[in-house]
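Chains as they are written, first to last, in my numbering: chain G, 3 to 104; chain S, 148 to 639; chain F, 95 to 213.
To start, the structure under review is shown below, and the notes come after it.
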């Protein structure tokens, strides 16, 4: 008895949807950053799960290593930017960042 | 030995940026990082250019390299576009940062590393190298946009760009994960080979997600929201870099992925493939970009919308290629090169026209500056003429090739070509409006007059770009030949 | 198809029931006579002062970010070390290059003063 690939893909899609809707609905830059991390983890689930079904060169697992490492770098840059925004604006709500309005 | 030539640009960029980090960290006196980074990128570009023009073939490049990075003529062509864009931006930065008291070595290190990321992205033949290149490039650009730390416009532009850019990267990545799930491969050719047995629904979702992700990166409408803010907030050399090298790299890999991975019958069909999606994006982008540019009061913002509009023209070329093949792709390659030099001219002379404390960014700042300092305004006119598509500049030929490819493709593509020409006419209006402000308006009483800065770096970059804009417009022969060879080998 | 996971489901249900049951049980059956002392966060401790949401210095952030970025690079060492013998000298040189680059960036962060606590 084994769980099929479909279940993993379903889980990943749900997780990705949660992340994407969180990104689109929340206006707090930190929460948006966290939503992006959720989306990246959905990607990781797909890669690791599929790797089990196509284990030829383990490219899925390698890929997820890269995603983890790059997500950390992305979070570092993102947090630095959010801190810079906070220093100037005293808020992290991306809606209040409205000096640039067309 | 010959094979090293094809990865040399990457090695030079990588080693060069590490060297520059060390120089920046340890040098006591003011270091000449501007010239160092410009030379690094210029040499990398020239190696690719000479390999491309000499027609050298990567006979048996090791599989370890080709598994992830292309060594074909198209890769070399994109190297040239990206590296020259980076080198010229470094020269612009050398003048700008010093003039405005922002001279910090990080900028040049970031610029070189970002160029490295862009080259990797432009050459990638696997989702893995695509992702690594994309993020190396994007993370560097986010930091470059936020370079003026104390300015709220810079930080806001950077936060918006970062959030939407990472969101786009996640979408793109999920699309490639689904392609991996459908085909069991992450390399562009591997996916294409397994496409026959793949679940068509997964492939379609994956394709749409990948197109949406690239739509953000090349700032196609409706994924363009970040563009004006990031362009306005960033310091002008960074804006110039974003508008040329970053955009070219995104288009480079987009073209490759569309024709190598999604080049099968089903994905290219009019009913369920990418051509109708991209055609719609192209039409929206051309119309919206040009119309929104008209009402802008800030020249950098106007150029941001103009760069959105140009993304639309380039998309027309890409869509046309699904019928006409390599001819349209070579038009796209030529367009990217012409666009790089024209945009550097426009942003470069905007930099040249301002000086410390009085940066010239709005139309009002530019009132009458052309009459007072005609030599400094000249490059702007040449650049915008080329962006408009006015002969005998490179921009004219680029537009001509793209639209004639669309006409050749026939059918509804002719409508796209007509739409492109009509919207270009709108473009002429807002580009010429700047010239009108420069030459026919007097400064308002009491207004601070813009005084051009003096910088050999900026003048040098402008001279080189002018030479190329005119040279490519008058005798495009060799470049066109290289572009068409690159395109036909890319389409295989 | 998920039949083998039935025990897990049962465990979750039982655990939830026990927890909810205990809470409702005590709140229904237990005696209530609150006094101000009983409502303090620490009964028979010293009184709390100040806000509970203290601003932390941004220096912690910088150090933590640097730690995370360098720490995460270690993921690339695991697959390499498990294949160390197969990869031979080539793999060794590759990893050495990776570590030299990583070391250079650390040196850069150090010289730029990112590791200084007092700035």
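Cβ coordinates follow ideal geometry from the N, Cα and C atoms, glycine included.
Between the options, which has its C-alpha nearest residue i's C-alpha?
i	options	result
residue 172 of chain F	F:156, F:189, F:154, F:182	F:189
residue 175 of chain S	F:209, F:104, F:125, F:205	F:205
residue 9 of chain G	G:25, G:31, G:55	G:55
residue 247 of chain S	S:601, S:631, S:435, S:415	S:601
residue 158 of chain S	S:612, S:342, S:267, S:213	S:267
residue 355 of chain S	S:504, S:241, S:411, S:421	S:421
residue 564 of chain S	S:539, S:260, S:525, S:548	S:548
residue 462 of chain S	S:258, S:368, S:281, S:497	S:368
residue 444 of chain S	S:581, S:249, S:235	S:581
residue 489 of chain S	S:625, S:546, S:474	S:546
residue 222 of chain F	F:160, F:167, F:187, F:100	This structure leaves residue 222 of chain F out entirely; chain F is present only between 95 and 213.
residue 504 of chain S	S:211, S:232, S:168, S:244	S:244
residue 338 of chain S	S:290, S:362, S:272, S:288	S:272
residue 603 of chain S	S:479, S:506, S:242, S:487	S:242
residue 184 of chain S	S:218, S:257, S:224, S:152	S:257
residue 552 of chain S	S:473, S:296, S:498	S:473
residue 195 of chain F	S:163, S:438, S:222, S:450	S:163
residue 13 of chain G	G:47, G:38, G:69	G:47
residue 81 of chain G	F:155, F:144, F:140, F:103	F:155
residue 16 of chain G	G:42, G:71, G:60, G:30	G:42
residue 577 of chain S	S:450, S:433, S:233, S:633	S:450
residue 253 of chain S	S:287, S:235, S:465	S:287
residue 23 of chain G	S:232, S:519, S:201, S:318	S:318
residue 407 of chain S	S:636, S:165, S:557	S:636
residue 399 of chain S	S:326, S:346, S:480	S:480
residue 560 of chain S	S:353, S:275, S:466	S:466
residue 534 of chain S	S:558, S:570, S:511	S:570
residue 434 of chain S	S:418, S:460, S:446	S:460
residue 60 of chain G	S:424, S:275, S:509	S:275
residue 261 of chain S	S:161, S:615, S:299, S:519	S:161
Between which two residues does the alpha helix (DSSP H) carrying residue i extend?
i	result
residue 101 of chain F	100 to 123
residue 156 of chain S	151 to 173
residue 414 of chain S	412 to 415
residue 188 of chain F	178 to 205
residue 194 of chain S	180 to 200
residue 373 of chain S	373 to 380
residue 385 of chain S	383 to 388
residue 149 of chain F	Where residue 149 of chain F is concerned, there is no enclosing alpha helix (DSSP H), given that its DSSP letter is neither H nor E.
residue 394 of chain S	394 to 403
residue 516 of chain S	516 to 519
residue 472 of chain S	First-last for residue 472 of chain S: undefined, no H or E at that position.
residue 633 of chain S	624 to 638
If I'm right that residue i touches residue j with Cβ under 8 angstroms, what's the distance once you round it to whole angstroms?
i	j	result
residue 387 of chain S	residue 494 of chain S	4 angstroms
residue 305 of chain S	residue 293 of chain S	4 angstroms
residue 237 of chain S	residue 188 of chain S	6 angstroms
residue 566 of chain S	residue 430 of chain S	6 angstroms
residue 500 of chain S	residue 597 of chain S	6 angstroms
residue 153 of chain S	residue 198 of chain S	7 angstroms
residue 156 of chain S	residue 219 of chain S	The Cβ separation is near 14 angstroms, so there is no contact.
residue 358 of chain S	residue 325 of chain S	Actually they are not in contact, since the Cβ atoms of residue 358 of chain S and residue 325 of chain S sit about 13 angstroms apart, beyond 8 angstroms.
residue 476 of chain S	residue 585 of chain S	37 angstroms between Cβ atoms; not a contact.
residue 170 of chain F	residue 192 of chain F	7 angstroms
residue 374 of chain S	residue 302 of chain S	Incorrect: roughly 17 angstroms between the Cβ atoms, too far for contact.
residue 58 of chain G	residue 7 of chain G	About 15 angstroms; that fails the 8 angstroms criterion.
residue 240 of chain S	residue 181 of chain S	6 angstroms
Provide the residue(s) that pair with residue i in DSSP beta bridges, ordered along the chain.
i	result
residue 165 of chain F	Partner(s): none; residue 165 of chain F has no beta bridge.
residue 216 of chain S	S:271
residue 95 of chain G	G:30
residue 445 of chain S	S:509
residue 502 of chain S	S:505
**Prompt:** Counting only runs that start and end within the stretch 302 to 370 of chain S, where is the alpha helix (DSSP H) found for 4 or more residues in a row?
**Reply:** For the stretch 302 to 370 of chain S, whole alpha helix (DSSP H) runs of length 4 or above, ordered along the chain, are 335 to 341, 347 to 364.
**Prompt:** If you scan the stretch 535 to 611 of chain S from start to end, which runs of the alpha helix (DSSP H) of 4 or more residues do you find wholly inside it?
**Reply:** Runs found: 541 to 556, 559 to 587.
**Request:** Write down every uninterrupted run of the alpha helix (DSSP H) in the stretch 224 to 301 of chain S whose length is 4 residues or greater and which is fully enclosed by it, in chain order.
**Result:** Here the runs fully enclosed are 253 to 270, 274 to 292.
**Asked** Of all the alpha helix (DSSP H) runs that stay within the bounds of the stretch 3 to 86 of chain G, which reach a length of 4 or more residues?
**Response** With a minimum length of 4 residues, the continuous alpha helix (DSSP H) runs that stay inside the stretch 3 to 86 of chain G are 7 to 27, 31 to 55.
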